[in-house]
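Just below is one structure, and these are the notes that go with it.
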Amino acid sequence: MVKVHGERRRGLTKGLWWLVLVFLVFTGGCWDRRELEKLAVVVGIGINLAPEGEGYEVSYQIVRAAQIQSPGGSGSGDEELRPFWILRSRGPTVFEAIRNATLQSSRRLFLSHNQVLVINEAVAREGLMPALDFFIRDHEPRLTQWLLLTAEDPVQIFDASAGLERVSSQAISDLLQHYQLTSKIRPVRLSDYIALTMEKTAANTLPRIRTIEHAGKKEYILDGTGIIKGDKLVGFLDPKETRGLLWVLGEVQGGVLTVDVPGEKGKATLEIFDSASKVTVQAEAEQIRVKIEVQMRSGLGTQTVYTDLSTPDQFKKLEQWQAEVIKAEIEAALAKARAYKADIFGFGRLLFGRDNRSWQRLAPDWERYFVEAPVEIKVKTAVEELGLSTRPALEL
Amino acid sequence: MFTMLWRKFRRAQQRTTTPGPRAGRDLSPDLEANLAAFKRELGASPDLIIRRLTLGPKPGTTGALLFIDGLVDQQIVNRDVLSPLLHEVDWGKGQGATDLLDQIAQNVLAVGEMQRETEWRQVVRGLLAGDTIFLVDGQAAALLLSTKGWEKRAIQEPEAEQIIQGPHEGFTENLRTNTALLRRKISTAGLHFEEMKLGRQTQTTIALAYVKGIVNEKLVNEVRSRLKRIKTDFILDANYVHEFITDAPFSLFPTVAFTERPDVVAAKLLEGRVAIFVDGTPLVNTVPVLLVEYFQSPDDYNFPYYYATMIRWFRYLSFFLAVLAPGLFVALGSYHQELIPTPLMITIKTATEGTPFPLVIEVIIMGLVFEILREAGVRLARPFGQTISIVGALVIGEAAVTAGLVGAPTIIVIALTAITTFVVPGLLGPGIFLRLIYTILAGVLGAYGILTGVLFTLLHLASLRSFGVPYLAPLAPVVPADLKDVLVRAPIWALGTRPRLIGWLQPSGYAADQEEKGGDRDGEGTW
Amino acid sequence: MIVLIVVVFIGLFLYEAPGLVAKEFWRELAVFTLLMLLGLFLSILLASGVELPYVESIWVELFMGLRKMLASGS
Amino acid sequence: MAQELISPRQLTFLVISFTIGSWIVLPSGIEAWQNLWLLILFALGQALGFVYLSLFLFRRYPGKTLFAVHEFVYGPVLGKLISLLFLWFFLQTGAGALAVFVTLLKTTVFTDTPDLALLLPWVIIIVYGCRRGLEVIARSNEPLVLATVGLILVSVFLVLNAFKAENLLPLFNQSLATVFWNTLGIAVFPFGQNVLFLMLLPQVNRPQKVRGAVLRGMVVAGGLLSLLQFLAVGVLGRTGELFVFPTIEFYRMIIIGQVLTRLELIPLLNFLTMGFIKIMLCLYTLAVGTAQILELRAYRPLVLPLGILILVFARQIYPSISLHLHYIEEVQPLVSLFFCFFLPMLTLGVSFLRGGAQQEMAS
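Protein chains in written order, with our numbering: chain L, 1 to 396; chain F, 397 to 923; chain D, 924 to 997; chain X, 998 to 1360.
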């Protein structure tokens, strides 16, 4: 009994020792703590070249949480009432610029919730990776943020009206995610950009954004695609050509397509349901042979002619017309890509995966092979639905 | 220290104030001496009733009945003891008896249970336990007549362990009632009770219950020996026994379970456990106990299996939230803001903008406020208690948020914790304690701090054993067969086997005569 | 800092040693003490900023040297 | 020393977490990134061979730890010297794993926290666990392994929409030398280290099931690592080569409905628990082994000072993460090969050569 008591007492002292030890360790603490209310949450970052001298000018859109639920949105006059704050800073590298921002901001910039990276085209022309490296290396930014190109000062984009949203970066992020409503833009995440950059033969594309003036207010619009070859901006695709690219990549999952109805002054617009593509790249001795097969399903969305387009015969014709439009779009994109010698379609990537040996052989001179490659395009389409009406109300 | 002195002092006092018929000796043949001794021993207690009688064929022989008022059933004493002695004595009968006391015992008294005692201590003990003492002048012996009977609470539904469906009876403070309740549930001769008296002053009856043939004898021996080692002055409640026999006295986690429900005790005994009844309390200890038992409720077995399974998972989730929610909230809010989805994060940020304290402090303070409110609510009379809780929660919480002292999300988290804590009432203590620790750890090292704390707790739990059975079984060590009542609540017909580490002597719950499969035990549960 | 380390080590020593003495585990006590002293020594060196060699860089240099030798040899 | 027994199932679980251990966050063989998941399977086959052979030692000397076998085979002096080498290896393995996790935490989450603040709590709980003994380690390991397995299996569903089968191609584009070297590296680094269990096998309660238990554990661990790697390649593609901690990184790519994003903290913490078990096993073996070499009656008193040594070592093992990566690529396979394959095989060979007498002694 005495022994048991002794053991218990020792157990108590031992337990106390452990407790003391644990608390000794933990009382020192709180090195990495950053209180939520003390953070400056950055939702958009713009990168521009510094107007004079070397280095970058980085701009930030920071959420002003206190204002987020009160009136006074984007673009409205009073600076203090806007739900965000725009800040600029400069530095020889992006990282230093971001740190320099704390000279102006009372709170530490918190990059983890950044949604969009808007990059000025001047930066893109000099090469993107030097500017992007920080976002890959640092632990805070996400690899899933969206990349955008703009010809303007990125601040203009952040400054523009966000429409229904409170903060324009958030709105742009939503916008990009709904790309399939038009399929005229190709959203690119930071991780996608890195992945393609690592493929030696591939070229990247980035969506462009610009502002437009509307009733005295600035608004922004997604417009076309920039072609990045070897990390440098070389040219642009317009929205139609962008969709040509998306057809090849099999990324068109929606949108509409308008065809001319021959013989009549009118058009028909078809709604794209989905599409799929199959690209085969065959390596031969001194050239590659590319075959692109696109399949697409659509439904009749609207028509501006008085002929009934919903008969089986007309459907057949519609299928043919839209196949031609698609083919034209692809060819347009292909022509641009050839002009810039940029393999935006990832033909090289395909060869790399399927026929690595040939790729090894052809890769050093890929530009030439890409430009000279004969491309065979096959489009198979189906018009499957006609909406709620069986025929136009008035037929002539 | 003070208590020790006090005890010594008391012991010394006892030694000097216990004269004859000297403690530990026999009764004196002289009735008056005996009665005087009783009066000395018990003081001038008004509840000690001494009824003198004149007895027998030989007029002049005096006797006395002694009992404690309130402990005996007056009706029995009057009808079955006093009145036969006074009126209906046929002194001619029972010639075989050796002396007068025997004669009376055999022929006169209409009491079922009686005992002849000569030793002074035993007589006093009997008197204090509610027996009526019958003394006859000239004989150094007494009859202890079992006339126990006192006011007791009726059998009610236990308030702390309410269920919706199923039996609504609960144990009472009376040991006999309790054992009877258990007998009513288990009608096998295998249900054995062993009684012993513990506590120098209280002489509390402790009853050990087990089902022979199902229980492991080694377990019974272990419980018995641990109970015998208890040296204390008083035992007033099941927890007194619990803290003496528990495996890990300093652990946060209880290694002895208690319940107020006969059906629970019956189920546990039939799984091979041992129950310890303590007279004077409706709580019954059962050992060994596993952590998962705290997540089981009798209702689980009274509802359909799918519903019971779902509810059980809600219980796991609730406990998880109760222990970890404030810690996780602090870790997310002040270390890992990138984990919160952006819109939610901005909402939280909006709500906490401008609060003066770090999140940890906020959470700890609000947690403390809540605990105090809860304690006040429990202690006060019920109508007050409710008022206090509502007023406290509403006024303090609302005011703190409006004044910008505390963010609204903090209040939400604390409220959530408050509710979930009560879902697993058996682990209330450890839950609250761990929650505080995890919150502090989260405040210092974020999720890493919590992980460290959780791993420490896990190691501690893994090192615990309750009467030889690993506390975390059947999760660690994994006993796949037993997961049927842990991860899910399998239909009753599929719950046929007993927990392997406890009831392995007779693994099957149905066929008692089935072949024993004892050996295959994965090396765990070694005694 | 060094004072703190010494105090912690003495505390740990006092935590463990009495049990060993009570059980008359002399050998264990000796080894324990030795290892504690080693730990104390290294900790003090670390705390006082003495540059200790990095364990793995020794291996790396050794093996890289070996590889280079092999490479140049073949 | 009271014999603490574990069951074959617990042994399997221990093997799983020990193998997964630190490799899961800092994989070796990044050179062959795209085919790493395949290399793991090759390496698993190779390692199963190694370990199968090493287990002959246990067959030959049942109930004897590796160190006891050393003394049998090489005689007391040389045997103890070789055992001492192994102690060094265990110390290095444990400290290495600890260093990996501290580096991981420091670079991903706790950038401003000093090393010591991350090391110390970890070491304290590891020492606490080791003092509680192997049974407790084994028992607490079980839920942790289940959690990890669960997480890896759940990740299959989480990454479904980020997974691109195209990323897995091409299957073989590395030179044979790269493949061979990295396969060997993986075979000895996470898998071969299981030689440590030769110290613990006598504590398994059913010795006849030991071999199956170890091999099963390795297969499961190899399968899990391969699966995880498969997912990582499918999600990250070649980008994976860029990252120091690719298996954590790929969880950063998970986006499910705007809500489940930036999940990397969850696998990070989960994988930490595997490393935790690994370090604890190393420390335990270190203490038990030291006690055995010095013929002590108890290992418990050694746990604390050895824990401090591990802590000091963990701080002093790698000067920088870049050298660490370099070490993993270039040196570690050779060191591990020496300890995990060469020495056990040598012991086995010598014991066969010395033949009959030994066996009689053993039996």
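Backbone N, C-alpha and C fix where the C-beta goes; we use that ideal spot for every residue, glycine too.
- In the three-state reduction of the DSSP assignment, F:Thr651 falls in the coil class.
- Of the residues X:Val1153, X:Val1217, X:Leu1280, X:Val1230, the one whose Cα lies closest to the Cα of X:Asn1032 is X:Val1230.
- Interface residue (Cβ-Cβ distance to chain D less than 8 Å): X:Tyr1125 is not classified as such.
- Among the residues of the region 1263-1284 of chain X, those with a Cβ less than 8 Å away from any Cβ of chain F are Leu1266, Leu1269, Thr1270, Phe1273, in the order of the chain.
- Contact annotation: F:Ala603 and F:Thr575 have beta-carbon atoms nearer than 8 Å.
- Shortest Cα-Cα distance from F:Trp516 to any of F:Pro425, F:Glu618, F:Leu830 involves F:Pro425.
- Excluding residues up to 5 positions away in sequence, nothing lies with its Cβ nearer than 7 Å to the Cβ of X:Asp1109 in the same chain.
- Nearest neighbour of F:Thr677 by Cα position, chosen from F:Phe710, F:Glu667, F:Tyr703, F:Tyr636, turns out to be F:Tyr636.
- L:Met296: member of the beta strand (DSSP E) spanning 288-303, first to last residue.
- Here the region 1261-1274 of chain X lies against the region 1129-1149 of chain X, with 3 or more beta-carbon pairs under 8 Å apart.
- Contact check for X:Phe1338 against X:Gly1219 fails: the beta carbons are separated by 8 Å or more.
- Secondary structure within the region 314-390 of chain L: the alpha helix (DSSP H) runs of 4 or more consecutive residues, fully enclosed, are 347-354, 356-362, 366-372 (chain order).
- With a cutoff of 8 Å on beta-carbon distance, X:Arg1259 and L:Ala195 are scored as not near each other.
- DSSP, reduced to helix, strand and coil, places F:Asp675 outside both helices and strands of the structure shown, so it counts as coil.
- Scanning its chain for C-beta atoms nearer than 6 Å, with the 5 sequence neighbours on each side dropped, one finds around L:Thr302 the residues Thr269, in chain order.
- The beta carbon of D:Trp949 does not come within 8 Å of any beta carbon belonging to chain X, so the residue lies off that interface.
- Residue X:Phe1083 holds the alpha-carbon nearest to the alpha-carbon of X:Pro1341 among X:Ile1021, X:Pro1073, X:Ala1040, X:Phe1083.
- With a threshold of 8 Å between beta carbons, L:His139 makes contact with chain X.
- F:Leu531 sits in a strand when the DSSP states are folded into three classes.
- For F:Ala525 and F:Ala440, the gap between their C-alpha atoms comes out near 18 Å.
- DSSP, read as helix, strand or coil, puts D:Tyr977 in coil.
- The beta carbon of L:Arg338 lies closer than 7 Å to those of Val371 in the same chain, with the five residues before and after it left out.
- The Cβ neighbour count for F:Lys627, taken over all protein chains shown within 10 Å, is under 16; the residue is labelled exposed.
- For L:Asn114, the secondary structure class from DSSP, reduced to helix, strand or coil, is coil.
- Boundaries of the beta strand (DSSP E) around L:Trp85: 84-91.
- Rounded to the nearest angstrom, the gap between the Cα atoms of L:Gly266 and L:Pro239 is 22 Å.
- In chain order, Ala858, Leu868, Leu871, Ala872, Pro873, Val874 make up the part of chain F whose C-beta sits under 9 Å from the C-beta of X:Glu1139.
- Beta-bridge pairing by DSSP links L:Gly235 to L:Ile227.
- According to DSSP, residue pairing for L:Gln61 in a beta bridge involves L:Gly44, L:Ile86.
- Apart from sequence neighbours up to five positions away, the residues of its chain that approach L:Arg243 with a beta-carbon distance below 6 Å are Ser183, Lys184, Glu329, ordered along the chain.
- The way I'd put it, the region 756-763 of chain F doesn't touch the region 1281-1291 of chain X; fewer than three beta-carbon pairs between them come closer than 8 Å.
- Take the alpha-carbon of X:Val1153 and the one of X:Phe1087: they are about 34 Å apart.
- Contact annotation: in the region 326-352 of chain L, residues whose CB is within less than 7 Å of a CB in chain X are Phe352.
- Assignment of X:Trp1020 by DSSP, reduced to helix, strand and coil, places it in the coil class.
- Contact between L:Ala333 and L:Glu241 holds, since their C-beta atoms are separated by about 4 Å, short of 8 Å.
- Residues of the region 926-945 of chain D with a Cβ closer than 7 Å to any Cβ of chain X, in chain order: Leu935, Glu939, Leu943.
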